[in-house]
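Enquirer: Numbering (this note's numbering), first residue to last: 140 to 342. Glycine included, each C-beta is placed from N, C-alpha and C at the ideal position. Keep in mind that this is a model prediction, so the values were computed, not measured. Provided herewith is a single structure, encoded as C-alpha cells, for subsequent inquiry.
Rendered as C-alpha cells:
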C-alpha cells in the first residue's frame, strides 16, 4: 500500500502500526498529492491510504480524482481528521472506497485496508452514520438561509439581486454561496443550480 500524509509523525506511526500485520506492507510514502500520483503510477499499490489536507499543492480530494481517472480500479482509503458532511461526500464522489477517522481503533484500520483490497467500501461508524443521514435527508446539510439561497439561484438572479432579495450584503451573500458550493461538492453556480433543480424534481 501507498501511505499519503504530509505529516511525517503520522506516516511513521501508521507505518509502524501496519507493520504488525503480516499481510499489510507499506511499499512507499508520499507527503503530497503530486508525489502520490507519481508513486502510484510507478508502483501500482493495491491500496492508497490518503489524508485530505496536504498543505501546499494538490489536496487529497483532487489526488483521489486523478488516481481514479488514471486507474479506475485503484482502491483509495481516506484516513483523516476531517469528519464534516461536505468532506465525506466530496471524498466519496471523488472515488474513495472508504473513509476512516484518525482516531479509529487499530482493528478497524486493518479491516478497512483489507476490505478496500477486496473492493468493499468501509466507513468509520460515525462517518457511515452521517453519510446515511445525508443521503436520506440531503437538505439537512444546508442551513435554512442556504437552502433559500439555493432555491433563488434557479431564478437566474445576479449577486446583487440575490442580496437585495434576502436583505443581506453582497459580501455576506458570497460567503453563503461559498458554503453551499462546499457542502454540495460543486464549484460553480451552474452546478449548484443543477443540483437544486434535481432535488426539486425528486420531491
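Where do the ends of the beta strand (DSSP E) carrying residue 189 lie?
Expert: Looking at the DSSP string, the run of the beta strand (DSSP E) that includes residue 189 is 186-189.
Enquirer: So what does DSSP say about residue 164, is it helix, strand or coil?
Expert: Note: residue 164 maps to coil in three-state DSSP.
Enquirer: Quick check for students: name the residue ranges of the beta strand (DSSP E) that lie wholly in the segment 232-299, counting only runs of 3 or more.
Expert: With a minimum length of 3 residues, the continuous beta strand (DSSP E) runs that stay inside the segment 232-299 are 237-240.
Enquirer: For a test of the three-state rule: what should DSSP assign to residue 327, helix, strand or coil?
Expert: Of the three classes helix, strand and coil, the one that applies to residue 327 here is coil, per DSSP.
Enquirer: Using only the alpha-carbon positions, how far apart do residue 204 and residue 325 sit?
Expert: Taking the straight line joining both Cα atoms gives about 14 Å.
Enquirer: According to DSSP, is residue 169 part of a helix, a strand, or is it coil?
Expert: Of the three classes helix, strand and coil, the one that applies to residue 169 here is strand, per DSSP.
Enquirer: Buried or exposed: where does residue 327 fall if 16 or more other Cβ atoms within 10 Å of its Cβ makes it buried?
Expert: Residue 327 is exposed by the Cβ-count criterion.
Enquirer: Report the residue from 304, 306, 286, 303 whose alpha carbon sits nearest the alpha carbon of residue 317.
Expert: Among 304, 306, 286, 303, the Cα nearest to that of residue 317 is on 286.
Enquirer: Could you check what DSSP says for residue 214 in three-state terms: helix, strand or coil?
Expert: Here residue 214 sits in strand by DSSP.
Enquirer: Which partner residues of residue 143 appear in the DSSP bridge assignment?
Expert: The partner list for residue 143 (beta bridge, DSSP) reads 169, 189.
Enquirer: Can you tell me the Cα-Cα spacing of residue 254 and residue 311, whole angstroms?
Expert: Answer to the nearest angstrom: the Cα atoms are 44 Å apart.
Enquirer: Please state whether DSSP places residue 219 in a helix, a strand or coil.
Expert: Residue 219 falls in the strand class under three-state DSSP.
Enquirer: Assuming residue 189 and residue 217 are in contact, meaning their beta carbons sit under 8 Å apart, how far apart are those beta carbons, in whole angstroms?
Expert: 6 Å between Cβ atoms; contact.
Enquirer: Return the chain-ordered list of same chain residues with a C-beta closer than 6 Å to the C-beta of residue 332, the five sequence neighbours on each side being excluded.
Expert: Here the set comprises 292, 293.
Enquirer: Is there contact here, the segment 229-245 with the segment 205-216, by at least three beta-carbon pairs under 8 Å?
Expert: Judged by Cβ distances under 8 Å, the segment 229-245 makes contact with the segment 205-216, as three or more pairs qualify.
Enquirer: Would residue 213 be called buried (16 or more neighbouring beta carbons within 10 Å of its own) or exposed?
Expert: Answer is buried; the Cβ neighbour count reaches 16.
Enquirer: What number of angstroms, rounded off, separates the C-alpha of residue 299 from the C-alpha of residue 322?
Expert: When rounded, the distance between both Cα atoms is 22 Å.
Enquirer: Got a sec? Which residues, its chain only, sit under 7 Å from residue 309 by beta carbon, not counting five neighbours each side?
Expert: Cβ neighbours of residue 309 beyond the five flanking positions: 298, 299, 302.
Enquirer: List the endpoints of the continuous alpha helix (DSSP H) containing residue 203.
Expert: Residues 199-209.
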